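Heads up: the structure comes next, in C-alpha coordinates.
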(Lines of atoms letter the chains of each structure in order from A and count residues from 1; the text may use other names and numbers.)
(Lines give C-alpha, C1' and ligand atoms only; values in the text may rest on other atoms or scores of the structure.)
Protein backbone atom coordinates (compact mmCIF):
# COMPACT_ATOMS: atom_id res chain seq x y z
CA UNK A 1 0.00 0.00 0.00
CA UNK A 2 2.80 2.42 0.91
CA UNK A 3 4.60 1.72 -2.36
CA UNK A 4 1.41 2.31 -4.31
CA UNK A 5 0.91 5.66 -2.60
CA UNK A 6 4.52 6.64 -3.31
CA UNK A 7 3.99 5.71 -6.95
CA UNK A 8 0.83 7.83 -7.15
CA UNK A 9 2.65 10.82 -5.69
CA UNK A 10 5.60 10.37 -8.02
CA UNK A 11 3.20 10.46 -10.98
CA UNK A 12 1.32 13.51 -9.68
CA UNK A 13 1.85 16.90 -11.28
CA UNK A 14 0.73 18.73 -8.13
CA UNK A 15 3.70 19.78 -5.96
CA UNK A 16 4.05 19.17 -2.24
CA UNK A 17 1.90 22.05 -1.01
CA UNK A 18 2.76 21.22 2.61
CA UNK A 19 6.38 22.27 2.10
CA UNK A 20 7.41 25.73 3.30
CA UNK A 21 9.21 26.37 -0.01
CA UNK A 22 5.96 25.84 -1.91
CA UNK A 23 4.00 28.08 0.45
CA UNK A 24 6.63 30.81 0.13
CA UNK A 25 6.51 30.60 -3.68
CA UNK A 26 2.70 30.86 -3.64
CA UNK A 27 2.82 33.92 -1.36
CA UNK A 28 5.37 35.67 -3.58
CA UNK A 29 3.43 34.94 -6.78
CA UNK A 30 0.19 36.10 -5.14
CA UNK A 31 1.80 39.37 -4.12
CA UNK A 32 3.07 39.94 -7.65
CA UNK A 33 -0.51 39.43 -8.85
CA UNK A 34 -1.63 42.07 -6.35
CA UNK A 35 0.86 44.56 -7.77
CA UNK A 36 -0.52 43.97 -11.26
CA UNK A 37 -4.11 44.43 -10.08
CA UNK A 38 -3.27 47.67 -8.27
CA UNK A 39 -1.41 49.07 -11.27
CA UNK A 40 -4.45 48.65 -13.55
CA UNK A 41 -6.82 50.42 -11.15
CA UNK A 42 -8.52 53.53 -12.61
CA UNK A 43 -7.32 57.02 -11.75
CA UNK A 44 -8.54 58.50 -8.51
CA UNK A 45 -8.13 55.29 -6.50
CA UNK A 46 -5.89 55.44 -3.44
CA UNK A 47 -3.32 52.89 -4.56
CA UNK A 48 -1.77 52.38 -1.12
CA UNK A 49 -5.15 51.57 0.39
CA UNK A 50 -5.95 49.32 -2.56
CA UNK A 51 -2.57 47.60 -2.19
CA UNK A 52 -3.15 46.83 1.49
CA UNK A 53 -6.73 45.57 0.98
CA UNK A 54 -5.95 43.53 -2.13
CA UNK A 55 -2.84 42.06 -0.47
CA UNK A 56 -4.87 40.96 2.54
CA UNK A 57 -7.58 39.44 0.40
CA UNK A 58 -5.33 37.71 -2.14
CA UNK A 59 -2.95 36.33 0.50
CA UNK A 60 -5.87 34.85 2.40
CA UNK A 61 -7.01 33.16 -0.80
CA UNK A 62 -3.48 31.99 -1.66
CA UNK A 63 -2.69 30.59 1.79
CA UNK A 64 -6.13 29.04 2.19
CA UNK A 65 -5.92 27.37 -1.21
CA UNK A 66 -2.43 26.06 -0.45
CA UNK A 67 -3.52 24.56 2.86
CA UNK A 68 -6.61 22.99 1.30
CA UNK A 69 -4.56 21.50 -1.55
CA UNK A 70 -2.04 20.27 1.02
CA UNK A 71 -4.79 18.31 2.75
CA UNK A 72 -6.41 16.99 -0.44
CA UNK A 73 -3.26 16.22 -2.46
CA UNK A 74 -3.07 12.52 -1.42
CA UNK A 75 -6.60 12.08 -2.77
CA UNK A 76 -6.01 14.16 -5.90
CA UNK A 77 -2.85 12.25 -6.78
CA UNK A 78 -4.84 9.04 -7.07
CA UNK A 79 -7.07 10.56 -9.74
CA UNK A 80 -6.39 11.01 -13.47
CA UNK A 81 -4.45 14.20 -14.16
CA UNK A 82 -7.29 16.00 -15.92
CA UNK A 83 -9.75 15.21 -13.15
CA UNK A 84 -7.25 16.18 -10.45
CA UNK A 85 -6.57 19.47 -12.22
CA UNK A 86 -10.27 20.36 -12.48
CA UNK A 87 -10.92 19.54 -8.83
CA UNK A 88 -7.87 21.53 -7.71
CA UNK A 89 -9.10 24.48 -9.79
CA UNK A 90 -12.57 24.23 -8.23
CA UNK A 91 -11.07 24.10 -4.74
CA UNK A 92 -9.25 27.37 -5.40
CA UNK A 93 -12.53 28.93 -6.57
CA UNK A 94 -14.24 27.62 -3.44
CA UNK A 95 -11.65 29.25 -1.19
CA UNK A 96 -11.99 32.48 -3.19
CA UNK A 97 -15.75 32.45 -2.74
CA UNK A 98 -15.54 31.79 1.02
CA UNK A 99 -12.87 34.44 1.62
CA UNK A 100 -14.73 36.89 -0.63
CA UNK A 101 -17.96 36.44 1.26
CA UNK A 102 -16.13 36.91 4.55
CA UNK A 103 -14.53 40.09 3.27
CA UNK A 104 -17.85 41.40 1.96
CA UNK A 105 -19.52 40.80 5.32
CA UNK A 106 -16.62 42.42 7.20
CA UNK A 107 -16.69 45.47 4.93
CA UNK A 108 -20.44 45.75 4.65
CA UNK A 109 -21.39 49.03 3.02
CA UNK A 110 -17.83 49.83 1.93
CA UNK A 111 -18.40 48.46 -1.59
CA UNK A 112 -21.56 49.73 -3.31
CA UNK A 113 -21.45 47.00 -5.96
CA UNK A 114 -23.92 44.10 -5.80
CA UNK A 115 -22.63 40.91 -4.15
CA UNK A 116 -22.82 38.86 -7.35
CA UNK A 117 -20.64 41.40 -9.21
CA UNK A 118 -18.08 41.39 -6.39
CA UNK A 119 -17.87 37.60 -6.37
CA UNK A 120 -17.89 37.31 -10.16
CA UNK A 121 -14.89 39.64 -10.45
CA UNK A 122 -12.96 37.77 -7.74
CA UNK A 123 -13.79 34.36 -9.21
CA UNK A 124 -12.76 35.47 -12.69
CA UNK A 125 -9.34 36.71 -11.54
CA UNK A 126 -8.81 33.74 -9.25
CA UNK A 127 -9.95 31.27 -11.92
CA UNK A 128 -7.59 32.67 -14.54
CA UNK A 129 -4.64 32.75 -12.13
CA UNK A 130 -5.33 29.20 -10.90
CA UNK A 131 -5.77 27.87 -14.43
CA UNK A 132 -2.48 29.40 -15.57
CA UNK A 133 -0.67 28.07 -12.50
CA UNK A 134 -2.05 24.55 -12.86
CA UNK A 135 -1.24 24.56 -16.57
CA UNK A 136 2.32 25.57 -15.77
CA UNK A 137 2.64 22.80 -13.17
CA UNK A 138 1.31 20.27 -15.66
CA UNK A 139 3.72 21.40 -18.38
CA UNK A 140 6.64 21.34 -15.95
CA UNK A 141 5.68 17.83 -14.85
CA UNK A 142 5.37 16.66 -18.47
CA UNK A 143 8.77 18.15 -19.30
CA UNK A 144 10.34 16.42 -16.32
CA UNK A 145 8.80 13.09 -17.29
CA UNK A 146 10.14 13.43 -20.83
CA UNK A 147 13.56 14.25 -19.43
CA UNK A 148 13.39 11.24 -17.11
CA UNK A 149 12.41 8.96 -19.99
CA UNK A 150 15.20 10.25 -22.20
CA UNK A 151 17.76 10.07 -19.42
CA UNK A 152 16.63 6.58 -18.41
CA UNK A 153 17.07 5.40 -22.00
CA UNK A 154 20.55 6.90 -22.12
CA UNK A 155 21.45 5.34 -18.76
CA UNK A 156 20.26 1.93 -19.91
CA UNK A 157 22.25 2.31 -23.12
CA UNK A 158 25.33 3.25 -21.13
CA UNK A 159 24.91 0.40 -18.68
CA UNK A 160 24.36 -2.11 -21.48
CA UNK A 161 27.43 -0.79 -23.27
CA UNK A 162 30.48 -2.49 -21.84
CA UNK A 163 33.05 -1.79 -24.52
CA UNK A 164 33.67 -4.88 -26.70
CA UNK A 165 37.42 -4.24 -26.68
CA UNK A 166 37.34 -4.07 -22.87
CA UNK A 167 35.44 -7.36 -22.69
CA UNK A 168 37.78 -9.12 -25.12
CA UNK A 169 40.87 -7.74 -23.38
CA UNK A 170 39.53 -8.86 -20.00
CA UNK A 171 38.77 -12.35 -21.28
CA UNK A 172 42.22 -12.64 -22.85
CA UNK A 173 43.78 -11.51 -19.59
CA UNK A 174 41.79 -14.11 -17.69
CA UNK A 175 42.84 -16.83 -20.13
CA UNK A 176 46.49 -15.87 -19.69
CA UNK A 177 46.16 -16.03 -15.92
CA UNK A 178 44.33 -19.35 -15.66
CA UNK A 179 47.45 -21.53 -15.82
CA UNK A 180 50.00 -19.29 -14.16
CA UNK A 181 47.88 -17.44 -11.58
CA UNK A 182 44.56 -19.24 -11.11
CA UNK A 183 43.66 -17.23 -7.99
CA UNK A 184 44.07 -13.95 -9.89
CA UNK A 185 42.02 -15.35 -12.77
CA UNK A 186 39.21 -16.28 -10.37
CA UNK A 187 39.22 -12.76 -8.90
CA UNK A 188 39.14 -11.25 -12.39
CA UNK A 189 36.10 -13.35 -13.28
CA UNK A 190 34.32 -12.12 -10.13
CA UNK A 191 35.20 -8.51 -10.95
CA UNK A 192 33.93 -8.90 -14.52
CA UNK A 193 30.69 -10.50 -13.32
CA UNK A 194 30.22 -7.58 -10.91
CA UNK A 195 30.43 -5.14 -13.80
CA UNK A 196 27.85 -7.05 -15.82
CA UNK A 197 25.60 -7.36 -12.77
CA UNK A 198 25.71 -3.58 -12.37
CA UNK A 199 24.76 -3.15 -16.02
CA UNK A 200 21.50 -5.01 -15.29
CA UNK A 201 20.60 -3.00 -12.17
CA UNK A 202 17.51 -0.80 -11.90
CA UNK A 203 18.54 2.65 -13.11
CA UNK A 204 15.61 4.43 -11.45
CA UNK A 205 16.98 3.98 -7.91
CA UNK A 206 19.85 5.79 -6.26
CA UNK A 207 22.52 3.49 -4.88
CA UNK A 208 24.94 3.76 -1.92
CA UNK A 209 28.34 5.24 -2.62
CA UNK A 210 30.01 2.16 -1.11
CA UNK A 211 28.59 0.03 -3.92
CA UNK A 212 29.71 2.51 -6.56
CA UNK A 213 33.25 2.56 -5.16
CA UNK A 214 33.35 -1.24 -5.10
CA UNK A 215 32.20 -1.34 -8.72
CA UNK A 216 34.95 1.16 -9.60
CA UNK A 217 37.50 -1.05 -7.85
CA UNK A 218 36.25 -4.08 -9.80
CA UNK A 219 36.80 -2.24 -13.06
CA UNK A 220 40.21 -0.85 -12.15
CA UNK A 221 41.47 -4.23 -10.90
CA UNK A 222 40.71 -5.69 -14.32
CA UNK A 223 42.53 -2.85 -16.02
CA UNK A 224 45.47 -3.23 -13.65
CA UNK A 225 45.78 -6.87 -14.67
CA UNK A 226 45.84 -5.84 -18.33
CA UNK A 227 48.05 -2.75 -18.13
CA UNK A 228 50.29 -3.90 -15.32
CA UNK A 229 52.60 -1.26 -13.88
CA UNK A 230 51.47 1.30 -16.45
CA UNK A 231 48.31 1.90 -14.42
CA UNK A 232 48.60 3.28 -10.90
CA UNK A 233 45.44 4.05 -8.95
CA UNK A 234 45.53 6.52 -6.07
CA UNK A 235 42.47 6.18 -3.82
CA UNK A 236 41.74 9.11 -1.51
CA UNK A 237 38.13 8.41 -0.59
CA UNK A 238 38.26 7.68 3.15
CA UNK A 239 36.47 10.96 3.89
CA UNK A 240 33.42 9.94 1.86
CA UNK A 241 30.43 8.45 3.73
CA UNK A 242 29.54 4.97 2.47
CA UNK A 243 25.79 5.55 2.88
CA UNK A 244 25.62 8.56 0.55
CA UNK A 245 23.26 8.01 -2.38
CA UNK A 246 24.00 8.78 -6.02
CA UNK A 247 22.84 7.55 -9.46
CA UNK A 248 24.12 4.08 -10.45
CA UNK A 249 27.10 3.77 -12.79
CA UNK A 250 28.28 7.31 -12.03
CA UNK A 251 31.97 6.68 -11.37
CA UNK A 252 32.79 3.69 -13.59
CA UNK A 253 32.22 5.48 -16.96
CA UNK A 254 34.41 8.38 -15.83
CA UNK A 255 37.16 6.02 -14.70
CA UNK A 256 36.86 4.14 -17.99
CA UNK A 257 37.44 7.44 -19.80
CA UNK A 258 40.43 8.15 -17.57
CA UNK A 259 42.03 4.80 -18.40
CA UNK A 260 41.07 4.61 -22.06
CA UNK A 261 41.86 8.20 -23.07
CA UNK A 262 44.46 9.10 -20.47
CA UNK A 263 46.59 6.18 -19.28
CA UNK A 264 46.37 3.69 -22.15
CA UNK A 265 47.68 6.00 -24.94
CA UNK A 266 50.73 6.94 -22.81
CA UNK A 267 53.70 4.60 -23.17
CA UNK A 268 54.71 5.12 -19.58
CA UNK A 269 51.15 4.91 -18.35
CA UNK A 270 50.11 7.16 -15.52
CA UNK A 271 48.20 7.69 -12.31
CA UNK A 272 44.41 7.77 -12.02
CA UNK A 273 43.58 9.65 -8.83
CA UNK A 274 40.15 9.46 -7.20
CA UNK A 275 39.72 12.05 -4.45
CA UNK A 276 36.64 12.55 -2.30
CA UNK A 277 35.74 14.92 0.49
CA UNK A 278 32.73 16.02 2.48
CA UNK A 279 31.99 19.64 3.27
CA UNK A 280 29.02 20.01 5.59
CA UNK A 281 26.14 18.33 3.73
CA UNK A 282 27.85 18.33 0.36
CA UNK A 283 30.10 15.73 -1.25
CA UNK A 284 32.84 16.39 -3.79
CA UNK A 285 34.59 13.80 -5.96
CA UNK A 286 37.50 14.52 -8.30
CA UNK A 287 38.96 12.14 -10.89
CA UNK A 288 42.33 13.08 -12.37
CA UNK A 289 44.28 11.31 -15.11
CA UNK A 290 47.25 12.14 -17.35
CA UNK A 291 46.52 13.88 -20.61
CA UNK A 292 47.61 11.73 -23.55
CA UNK A 293 50.17 13.30 -25.89
CA UNK A 294 49.54 14.18 -29.50
CA UNK A 295 46.23 13.73 -31.37
CA UNK A 296 44.92 11.24 -28.82
CA UNK A 297 44.69 13.83 -26.07
CA UNK A 298 41.16 14.97 -26.94
CA UNK A 299 39.61 11.77 -28.26
CA UNK A 300 36.17 10.75 -27.09
CA UNK A 301 32.61 11.82 -27.82
CA UNK A 302 31.80 13.04 -24.32
CA UNK A 303 28.74 10.78 -24.12
CA UNK A 304 29.68 9.34 -20.73
CA UNK A 305 30.27 12.77 -19.21
CA UNK A 306 27.03 14.17 -20.61
CA UNK A 307 25.19 11.15 -19.27
CA UNK A 308 26.64 11.47 -15.78
CA UNK A 309 25.89 15.20 -15.72
CA UNK A 310 22.25 14.65 -16.76
CA UNK A 311 21.72 11.97 -14.11
CA UNK A 312 23.17 14.17 -11.37
CA UNK A 313 20.91 17.02 -12.45
CA UNK A 314 17.91 14.72 -12.53
CA UNK A 315 18.64 13.28 -9.08
CA UNK A 316 19.68 16.47 -7.27
CA UNK A 317 18.57 19.35 -9.50
CA UNK A 318 20.62 22.52 -9.40
CA UNK A 319 22.26 21.37 -6.17
CA UNK A 320 24.52 19.10 -8.23
CA UNK A 321 27.36 20.23 -10.47
CA UNK A 322 29.70 18.55 -12.96
CA UNK A 323 32.73 20.23 -14.50
CA UNK A 324 35.73 19.08 -16.50
CA UNK A 325 38.94 20.88 -17.34
CA UNK A 326 42.39 20.14 -18.74
CA UNK A 327 45.80 21.72 -18.37
CA UNK A 328 49.06 20.86 -20.09
CA UNK A 329 49.49 17.49 -18.37
CA UNK A 330 46.30 16.38 -16.66
CA UNK A 331 42.58 16.05 -17.27
CA UNK A 332 40.15 16.32 -14.35
CA UNK A 333 36.45 15.97 -13.73
CA UNK A 334 34.76 17.39 -10.65
CA UNK A 335 31.45 16.16 -9.20
CA UNK A 336 29.58 17.84 -6.36
CA UNK A 337 26.19 16.84 -4.99
CA UNK A 338 24.21 16.92 -1.70
CA UNK A 339 24.80 14.30 0.96
CA UNK A 340 21.56 12.36 0.80
CA UNK A 341 20.94 9.13 2.69
CA UNK A 342 18.20 6.56 2.42
CA UNK A 343 15.30 7.20 4.78
CA UNK A 344 14.81 3.46 5.23
CA UNK A 345 16.94 1.01 7.09
CA UNK A 346 17.35 -0.96 3.88
CA UNK A 347 19.01 0.99 1.10
CA UNK A 348 17.48 0.95 -2.37
CA UNK A 349 20.02 -0.76 -4.54
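Numbering (my numbering), first residue to last: 1 to 349. Yeah, the Cβ is synthetic: ideal placement off N, Cα and C, and Gly gets one too. These numbers were taken from a predicted model, which means no experiment stands behind them.
With contacts defined by Cβ atoms closer than 8 Å, residue 304 and residue 254 form a contacting pair. A contact is defined here as three or more CB-CB pairs under 8 Å, and the stretch 174 to 187 fails this definition with respect to the stretch 205 to 215.
When DSSP states are grouped into helix, strand and coil, residue 337 belongs to the strand group. Shown here for residue 270: same chain residues with a beta carbon closer than 8 Å to its own, the five before and five after excluded, namely 230, 231, 232, 262, 263, 289, 290 in chain order. Under DSSP, residue 234 shares a beta bridge with 273.
Residue 321 sits in a strand when the DSSP states are folded into three classes.
Here residue 126 is near residue 96, since their CB atoms are less than 8 Å apart. In this structure residue 239 touches residue 278 by the C-beta definition: roughly 6 Å separates them, less than 8 Å. In the three-state scheme derived from DSSP, where H, G and I count as helix and E and B as strand, residue 289 is classed as strand. Our two residues, residue 249 and residue 220, have alpha carbons roughly 14 Å apart in a direct line. Put simply, of 93, 144, 130 the residue whose alpha carbon is nearest the alpha carbon of residue 29 is 130. For residue 252, the enclosing alpha helix (DSSP H) stretches over residues 251 to 257. Distance between residue 121 and residue 128, taken at the CA atoms: about 11 Å.
Residue pairing by DSSP places residue 207 opposite 246 in a beta bridge. Across the structure, residue 186 and residue 256 are spaced so that their CA atoms are roughly 22 Å apart.
Looking at 172, 64, 39, 137, the one whose alpha-carbon comes closest to that of residue 27 is 64.
Per DSSP, reduced to three states, the secondary structure at residue 240 is coil, with no helix or strand assignment. The beta carbon of residue 284 sits closer than 6 Å to the beta carbons of 277, 336 from its chain, once the five residues preceding and following it are set aside; these are given in chain order. Spanning the alpha carbons of residue 39 and residue 53 requires a straight line of approximately 14 Å. When the alpha-carbon of residue 307 is set against those of 151, 69, 23, the nearest one is in 151. The C-alpha of residue 312 is placed about 18 Å away from the C-alpha of residue 242. The secondary-structure analysis by DSSP pairs residue 278 across a beta bridge with 283.
Secondary structure of residue 184 (DSSP, three-state): helix. Between the C-alpha atoms of residue 33 and residue 193 there is a straight-line separation of about 59 Å. In this structure, the straight-line span from the alpha carbon of residue 36 to that of residue 45 is close to 14 Å.
Judged by DSSP secondary structure, residue 73 falls within the alpha helix (DSSP H) whose first and last residues are 47 to 76. Non-local C-beta neighbours of residue 61 in its own chain, meaning closer than 7 Å and more than five positions away in sequence, comprise 95, 96, 99, 126, ordered along the chain. Restricting attention to 226, 234, 90, the CA atom closest to the CA of residue 213 is found in 234.
Non-local C-beta neighbours of residue 47 in its own chain, meaning closer than 6 Å and more than five positions away in sequence, comprise 38, ordered along the chain.
With 16 or more other Cβ atoms inside 10 Å of its own Cβ, residue 191 counts as buried. Taking 8 Å as the cut-off, the beta carbon of residue 188 is found closer than this to the beta carbon of residue 222.
C-alpha of residue 58 to C-alpha of residue 87: approximately 20 Å in a straight line.
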